[in-house]
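J.: Let me begin by handing over the structure; questions about it come next.
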Amino acid sequence: MSNPLLQVNDLVKHYPVGRTLSGRPKSVVHAVDGLSFHVDRGETLSLVGESGCGKSTVGRAILRLVDITMGQIVLDGRRIDDISQASLHPVRRRIQVVFQDPFSSLNPRMRVRDILAEPIRNFRLATGQDLERRLGELMDMVQLPRDSLGRLPHEFSGGQRQRIGIARALAAKPDLIICDEAVSALDVSVKAQVVNLLQDLQRDLGLALLFISHDLAIVEHMTQRIAVMYLGKIVEIGERRQIFGDPRHPYTVALMSALPTPDPETRRRRVTLVGDVPSPIDPPPGCRFHGRCPLAGETCRRIEPDLRQIAPGHWAACHLDDISAMTRDATV
Amino acid sequence: MALLEVENLQTHFRTPEGVNRAVEGVSFHVEEGETLAIVGESGCGKSVTSMSLMRLIPPSAGRIAGSIRFDGRDLLGLPEREMRSIRGNDISMIFQEPLTSLNPVLTIGYQIGETLRLHQGLSAAEARAKAIEMLTLVGISEPARRIACYPHELSGGMRQRVMIAIALACNPRLLIADEPTTALDVTIQAQILDLMRDLKQRVGAAIVLITHDLGVVAEMAERVMVMYAGRKVEEAPVAQLFKTPRHPYTRGLLGAIPRLGSSLTGRQERLAEIPGQVPSLKNRITGCVFAGRCSQADEICRTIAPGLETKAPGHFAACHQALREEAPS
């Protein structure tokens, strides 16, 4: 098994905006602009970044919910970005998704039983007695009472609905689950329950997770590897210890230091970034982060940095070898 | 005398399924220039408390009882006309979602100026000049050009800056900030929190900060009040609350959040869970509201509702099990 489970190569997704009279798009949103990473079997990779960095688009592209502009998505050594809808069907079973909002991602008119049975029937995984047994199993896995299979989504709390969403993803027996901000909408105490549940399921079932989130603390808690995104690009990727112990991109440092720490005794000086994220319609030349980077120099304004290897498995897209001027102010 | 004194606040809503006791007997005070954080999860009554302070709950929907004394005046007894002269003037408010709290068809200059014309009787030209001054204060570049912008032309962070400019235009003595940074990205949240801290120093307004984020609490507040199921369950100075939380719910909340840097210490602990969920506020609850989810609950907890007790100087908790601070020997 030398292939990774999922390999994404130079993924590009542009969205056209508006139309001129001749039908050409007026401008283009560079949602994802040349992104490569892989996910191994049974591994958790996080995509982390702020709104508009393209992290959700990556998830949607892998699920083929959007067509990609360029690049390749390879599952188990086979390209899935250019195959027909018919041959996509078995691939869909292997990649499932849990969405952010447990209120809008469940059909309010379907009973839990039907929500969970739909993928099982669709992929012909079980019928009759077997189906019934499987439904019970799924409810046990997500720690919901079996006798609530006949209920409708509105009878459940937010956390319970998210468990139903997870059970639906598990129903297809996938290899990879994409969690798109799957715990972001939940309250603190319920979030901890769902995070623990996801971790247990991942370990017990050997699932791979692509965990898309803006919350660095949850990401650190959940995952083995982390990719930090900014304006459609990966700016840094590495093992958890590398990213949190030795961040090499100024944006990674800024993100960590921006997070309020639940400890009033370590109110620290933080690196506050000036300005907003630039528009992905017209990304800045050179390094995309240069306008907000306190360390940016002349090179950064002109030349776009490529990802450079810093240590085995740790890559950062920054011209600077030494960003300790930032970390001095913002120790985690 | 404190700037704001709230006693036994009860806000109940009539619903088809019965009375929803969103806030049930909450008392607290805010000193001049102080930041008090009210923290809790969805449905704990923190936002309803803030709306009640401003009397923003229409009588047709709900009933506010108890007493709210601002600078010695009882707000609940004031005629609506006098209440209007307080809102936006002495007490102002920032909401979570700046896009829905700004009027989309008016320029931001007009919206900042509106409060000033209304409360301070400024002329259009004076209000415009003050609006530019306020935009500069909240760190918006090119303010003279920006006052002609409409809300949709600004980013989320800038809109929240505009909201703060409106709220502070009349030099209020109390600012109620209801989840002011929840809708923002972390780097923008950091900017807005810095701005609020800086402005507080300069303007000297007291702040009631309503949030679910314990990180924000730790960075901003001087005193914290924890709410659960419409009740105040704990109150303490911020350092004390984080160091020695007395109420099992507060301890549960603090255990449930992952800490940044946890992977480096090599002690990746499982997050503490608070089992179960918040009880429905439509039924009368006997005993402690948290008893159903509390690992320490016993017979007393299930039958008698605990009152707030002083557990240490300035530190109150409503729990039968929480120990008092041991007297220094």
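From first to last, the protein sequence lines are chains L and V. Residue numbers 1 to 332, in the UniProt record's numbering, belong to the letters of the first sequence in order. Residue numbers 1 to 329, in the UniProt record's numbering, belong to the letters of the second sequence in order. Don't be surprised by glycine CBs; every beta carbon is placed ideally from N, CA and C. The structure presented is a predicted model; accordingly, all values stated were derived computationally and were not measured.
Can you confirm whether T252 of chain L, when its beta carbon is compared against all beta carbons of chain V, has any partner nearer than 8 Å?
T.: Along the first sequence, one-based indexing puts residue 252 of chain L at 252. Taking Cβ atoms only, chain V never reaches closer than 8 Å to T252 of chain L, which makes this a no.
J.: Could one say the Cβ of A239 of chain V lies closer than 8 Å to chain L's Cβ atoms, at least one of them?
T.: In the second sequence, the residue the question calls residue 239 of chain V occupies position 239. Yes, contact with chain L.
J.: With which residues is D74 of chain V paired in a DSSP beta bridge?
T.: On the second sequence, residue 74 of chain V is found 74 positions in, with the first residue counted as 1. D74 of chain V is bridged to V:R69.
J.: Could you tell me the distance, in whole angstroms, from the CA atom of D76 of chain L to the CA atom of M139 of chain L?
T.: The sequence position of residue 76 of chain L within the first sequence is 76, counting from 1. The sequence position of residue 139 of chain L within the first sequence is 139, counting from 1. For D76 of chain L and M139 of chain L, the distance between alpha carbons rounds to 29 Å.
J.: Looking at chain L, is there any beta carbon in it that lies within less than 8 Å of the beta carbon of H212 of chain V?
T.: Translated into positions along the second sequence, residue 212 of chain V becomes position 212. Yes - at least one Cβ of chain L is within 8 Å of the one on H212 of chain V.
J.: In chain V, which residues lie less than 7 Å from A311 of chain L when you measure between Cβ atoms?
T.: Residue mapping note: residue 311 of chain L aligns to position 311 of the first sequence, counting from 1. Those do not exist, as A311 of chain L stays about 15 Å from chain V at its closest Cβ, beyond 7 Å.
J.: Determine contact between the stretch 227-235 of chain L and the stretch 26-37 of chain L, defined as no fewer than three beta-carbon pairs at a distance below 8 Å.
T.: The answer is yes - the stretch 26-37 of chain L touches the stretch 227-235 of chain L, with three or more Cβ pairs under 8 Å.
J.: Of the residues L:R121, L:Q96 and L:Y15, which one's Cα is nearest the Cα of T69 of chain L?
T.: Counted from its first residue, the first sequence places residue 69 of chain L at position 69. Considering only alpha carbons, the answer is L:Y15.
J.: Which residues in chain V sit within 7 Å of Q193 of chain L, going by Cβ to Cβ distance?
T.: As a first step, residue 193 of chain L is located in the first sequence; it is residue number 193 there, counting from the start. Per Cβ cutoff of 7 Å: E273.
J.: For the beta strand (DSSP E) containing T35 of chain V, list its first residue and its last residue.
T.: Locating residue 35 of chain V in the second sequence gives position 35, counting from the first residue. Segment T35 to V39, the beta strand (DSSP E) holding T35 of chain V.
J.: Cutting at 7 Å between CB atoms, please list the residues of its own chain near A167 of chain V, excluding the five before and the five after it.
T.: For the purposes of this step, residue 167 of chain V is taken as residue 167 along the second sequence, with counting starting at 1. Correct list, in chain order: S92, M93, I94 and L175.
J.: Closest to R301 of chain L by CA distance: which of L:S104, L:H290 and L:Q72 is it?
T.: In the first sequence, residue 301 of chain L corresponds to position 301, counting from 1. That would be L:H290, whose Cα lies nearest to the Cα of R301 of chain L.
J.: Less than 8 Å between CB atoms is the rule here; does R301 of chain L satisfy it with respect to chain B?
T.: The question asks about chain B, but that chain is absent: this structure's protein chains are L and V.
J.: Tell me, to the nearest whole angstrom, how far the beta carbon of S42 of chain V is from that of V23 of chain V; I am working on the premise that it is less than 8 Å.
T.: Position 42 of the second sequence, counted from the start, is the residue given in the question as residue 42 of chain V. Position 23 of the second sequence, counted from the start, is the residue given in the question as residue 23 of chain V. Not confirmed; about 14 Å, so no contact.
J.: Note down, in chain order, every chain L residue with its Cβ under 7 Å from the Cβ of Q191 of chain V.
T.: If you number the second sequence from 1, residue 191 of chain V lands on position 191. T272, listed in chain order.
J.: Fully enclosed by the stretch 204-274 of chain V, which beta strand (DSSP E) runs are 3 residues long or longer?
T.: Runs found: 206-211, 223-228 and 231-237.
J.: If you draw a straight line from the C-alpha of P328 of chain V to the C-alpha of G159 of chain L, how long is it?
T.: Counting from 1 along the second sequence, the entry for residue 328 of chain V is found at position 328. Counting from 1 along the first sequence, the entry for residue 159 of chain L is found at position 159. Residue placement at P328 of chain V cannot be trusted, given a pLDDT of 45 that sits under 50; the coordinates are not used to answer.
J.: Determine whether the Cβ of G256 of chain L lies closer than 8 Å to any Cβ atom of chain V.
T.: Counted from its first residue, the first sequence places residue 256 of chain L at position 256. According to the sequence provided, residue 256 of chain L is Met. The question's Gly does not apply to it. Interface residue, yes.
J.: Output needed for R259 of chain V: all residues of its chain with C-beta closer than 8 Å, excluding positions within five of it in sequence on either side, in chain order.
T.: Start at 1 with the first residue of the second sequence, and residue 259 of chain V comes out as number 259. Excluding residues within five positions, none has a Cβ falling inside 8 Å.
J.: Could you tell me which chain L residues have their CB closer than 7 Å to the CB of V208 of chain V, listed as they occur along the chain?
T.: Mapped onto the second sequence, residue 208 of chain V falls at position 208. Correct list: empty, because the minimum Cβ distance to chain L is about 18 Å.
J.: Taking E304 of chain L as the reference, which of L:A317, L:H221 and L:A311 has the closest Cα?
T.: Position 304 of the first sequence, counted from the start, is the residue given in the question as residue 304 of chain L. Considering only alpha carbons, the answer is L:A317.
J.: I'd like to know if the stretch 124-144 of chain V and the stretch 44-64 of chain V are in contact, where contact means that at least 3 CB-CB pairs between them fall below 8 Å.
T.: Short answer: they don't touch.
J.: Express the C-alpha separation of F211 of chain L and T223 of chain L in angstroms, rounding to a whole number.
T.: Residue numbering aside, residue 223 of chain L sits at position 223 when the first sequence is read from its first letter. Residue numbering aside, residue 211 of chain L sits at position 211 when the first sequence is read from its first letter. Cα to Cα, T223 of chain L sits roughly 8 Å from F211 of chain L.
J.: Suppose the cutoff is 8 Å on Cβ atoms and the five residues either side in sequence are ignored; what does the same chain contact list for E31 of chain V look like?
T.: By 1-based counting over the second sequence, the position of residue 31 of chain V is 31. Contacts found: A2, L3 and A206.
J.: Less than 8 Å separating the beta-carbons of I147 of chain V and I164 of chain V?
T.: Translated into positions along the second sequence, residue 147 of chain V becomes position 147. Translated into positions along the second sequence, residue 164 of chain V becomes position 164. Cβ atoms of I147 of chain V and I164 of chain V: not closer than 8 Å.
J.: Do you know offhand how far C319 of chain V's Cα is from L209 of chain V's?
T.: Looking up residue 319 of chain V in the second sequence gives position 319. Looking up residue 209 of chain V in the second sequence gives position 209. Using only the alpha carbons, I get a separation of about 24 Å.
J.: How is V190 of chain L classed by DSSP in three states: helix, strand or coil?
T.: Position 190 of the first sequence, counting from 1, holds the residue named residue 190 of chain L. Three-state DSSP puts V190 of chain L in a helix.
J.: Could you say which of V:V6, V:L106 and V:A218 lies nearest to D74 of chain V if we only look at CA atoms?
T.: Taking the second sequence and counting its residues from 1, the one referred to as residue 74 of chain V is at position 74. That would be V:V6, whose Cα lies nearest to the Cα of D74 of chain V.
J.: Mind checking Q202 of chain L: buried by the 16 CB within 10 Å criterion, or exposed?
T.: As a first step, residue 202 of chain L is located in the first sequence; it is residue number 202 there, counting from the start. By the neighbour-count rule (16 or more Cβ atoms within 10 Å), Q202 of chain L is buried.
J.: When the Cα atoms are used, what is the spatial distance from M225 of chain V to A37 of chain V?
T.: In the second sequence, the residue the question calls residue 225 of chain V occupies position 225. In the second sequence, the residue the question calls residue 37 of chain V occupies position 37. Roughly 6 Å between the two C-alpha positions.
J.: Give me the Cβ distance between E239 of chain L and H314 of chain L, rounded to the nearest whole Å; I'm assuming they're in contact under 8 Å.
T.: On the first sequence, position 239 is the one that residue 239 of chain L refers to. On the first sequence, position 314 is the one that residue 314 of chain L refers to. Correct: roughly 7 Å between the Cβ atoms.
J.: Of the choices L:D276, L:P250 and L:E236, whose alpha-carbon is the least far from that of A311 of chain L?
T.: Within the first sequence, numbered from 1, the residue matching residue 311 of chain L stands at position 311. Among L:D276, L:P250 and L:E236, the Cα nearest to that of A311 of chain L belongs to L:E236.
J.: Hey, M227 of chain V and G45 of chain V are a contact pair by Cβ (cut 8 Å); roughly how many whole angstroms apart?
T.: Position 227 of the second sequence, counting from 1, holds the residue named residue 227 of chain V. Position 45 of the second sequence, counting from 1, holds the residue named residue 45 of chain V. M227 of chain V to G45 of chain V, Cβ: 6 Å. Contact.
J.: Between the stretch 149-158 of chain V and the stretch 211-218 of chain V, do at least 3 Cβ pairs fall closer than 8 Å?
T.: With a cut-off of 8 Å, the stretch 211-218 of chain V and the stretch 149-158 of chain V do not count as touching, because too few Cβ pairs lie within range.
J.: So if DSSP puts R21 of chain V in a beta bridge, which residue, or which two residues, is it bridged to?
T.: Taking the first residue of the second sequence as 1, we reach residue 21 of chain V at position 21. V:H12.
J.: Kindly indicate which residue of V:R21, V:T35 and V:E126 has the alpha-carbon position closest to the one of G113 of chain V.
T.: The residue labelled residue 113 of chain V in the question sits at position 113 within the second sequence. Answer by Cα proximity: V:E126.
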